[in-house]
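If you want this note's numbering, it's the 1-based position in the sequence shown plus 8.
This report concerns only the one structure given below.
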Amino acid sequence: MNLDDLPIRDDLRGKSPYGAPQIEVPVLLNTNENPYPPSKSLVDDLAEEVRRTAGGLNRYPDRDALELRADLADFLGHGLRAEQVWAANGSNEVLQQILQAFGGHGRTALGFEPSYSMHPIITGGTSTEWVDGLREDDFTLDAARAVAAVERHRPDIVFLTSPNNPTGTALPLETIRRVLAAAPGMVVVDEAYAEFRREGVPSALSLLPEHPRLIVTRTMSKAFAMAGTRLGYLAAHPAVVEALLLVRLPYHLSTLTQTAARVALRHREELLGTVDALRRSRDETVTWLRAQGLTVADSDANFVLFGRFPDRRAVWEKLLERGVLIREVGPPEWLRVSIGTDEEMAAFRAALEGVL
Ligand code: PMP
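So this is what it looks like as structure tokens:
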């Protein structure tokens, strides 16, 4: 028997799952992780906390993760309180819960592609219709055209990703404000890469007090160097959190996850201590790629989109042969490289020089 023989939903037939390759190679620059592992003192602290909580694992976790949400609110600042913060297993689960509560059959979500591939996948998974609003050739979002797309489609949910994956493009607050003014439903600003923004690019968190239909999502998977923990979160009006309680599974966030996330937040200085170096390396990578005569998108994230290669698959494969895994993603002819350690970036540059 194969998949087609199963009585799955008609709208899932012929679809492909999310599929960043997980291959064992020396230089992994394909999923925008922070390349620096936790220090021994963090690992020791984590092990100690897990030992302390393990004795209570016969009990369900705190269903509402109240202490973790208070810690996250404190970390985010902007005067946020625990009831304005919600957490789940990665921001992917946060996004799924948003779609479950505000999308669904007969409803529409609008995004601006190229953008994060999971937005349309989660939209489809919740039987919500996906509409693509498209970006300009340089991957920016023209505010007037974005507003026109909102007015034309009247979506229940708008996705704005800032900085955007896979292009690295950050949005001016004014664009977000104008979309919020035009949108009839919820506006999700996916800020998975917020900590990597260049100077002077503000976060949408500052818009929350005036905009009860705004949701800002964040993650500990990127700058926070905790991708393996699976902890994503959002900030929004408390009523939005109440809506998500209607769809979340009870006890969705395990005691171990909550413990690990709280330990990580205590060690925030160490974990976020690598961000400045990664941003510097990102800027150097942009400059270096341009010096090779390549076209490179401006980036406010921990990755760089570059091209253009009539046969990008061939370039991707030749880099892989040299032990460097990057990502074949985004518009045709472009490739994306995540920012790794200095040694990994040197290996990437050497491999790409060999390929070019
Ligand atoms: N949003 C964006 C824009 C992303 O790039 C990613 C990860 N690639 C996510 C959300 C989800 O990350 P996580 O589930 O690990 O929080």
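All residues carry an ideal CB built from backbone N, CA and C; glycine is no exception.
Going residue by residue through the stretch 115 to 143, where are the continuous beta strand (DSSP E) segments of at least 3 residues, counting only ones entirely within it? 116 to 119 and 137 to 140
May I ask you to report which of helix, strand or coil DSSP gives Val323? helix
For Val249, report the span of its alpha helix (DSSP H) as first-last. Judged by DSSP secondary structure, Val249 falls within the alpha helix (DSSP H) whose first and last residues are Pro246 to Leu253.
Can Ser262 and Pro43 be called in contact, C-beta distance under 9 Å? no
Just mark Gln300 as buried or exposed, buried being the case when its beta carbon has 16 or more other beta carbons within 10 Å. Here Gln300 is exposed: its Cβ has fewer than 16 other Cβ atoms, across all protein chains shown, within 10 Å.
Helix or strand or just coil, what does DSSP make of Ala152? helix
Thinking Ala322 and Leu279 are a contact (beta carbons under 8 Å), I'd like their distance in whole angstroms, please. Not confirmed; about 37 Å, so no contact.
Just grab the DSSP bridge partners of Ser346 for me. Phe311
Let me know the secondary structure DSSP gives Ile223 once reduced to three states. strand
Is Asn173 near the ligand PMP, in the sense that its beta carbon is under 8 Å from a heavy atom of that ligand? yes
Based on Cα-Cα distance, which residue from Gly133, Gln92, Glu32 and Arg298 lies nearest to Ala251? Gln92
Assumed close pair Arg330, Gly281 - CB separation to whole angstroms, cut-off 8 Å: Rounded, the Cβ-Cβ distance is 30 Å, inconsistent with contact.
Taking only the alpha-carbon atoms, compute the straight-line gap between Glu336 and Ala309 and give it to the nearest angstrom. 17 Å
Taking Cβ positions, are Arg365 and Trp296 nearer each other than 9 Å? A query on residue 365 cannot be resolved here, the shown segment of the chain reaching from 9 to 364 and no further.
Roughly how many angstroms separate the alpha carbons of Val35 and Ala354, rounded to a whole number? 10 Å
In chain order, which alpha helix (DSSP H) runs of at least 4 residues are fully inside the stretch 171 to 226? 181 to 190
Would the beta-carbon of Met353 be found less than 8 Å away from any heavy atom of the ligand PMP? no
Given this structure, state the Cα-to-Cα distance separating Leu360 from Leu11, to the nearest angstrom. In a straight line, the C-alpha of Leu360 is about 39 Å away from that of Leu11.
Own chain partners of Lys326 with C-beta closer than 7 Å, once the 5 adjacent residues on each side are dropped: Val363
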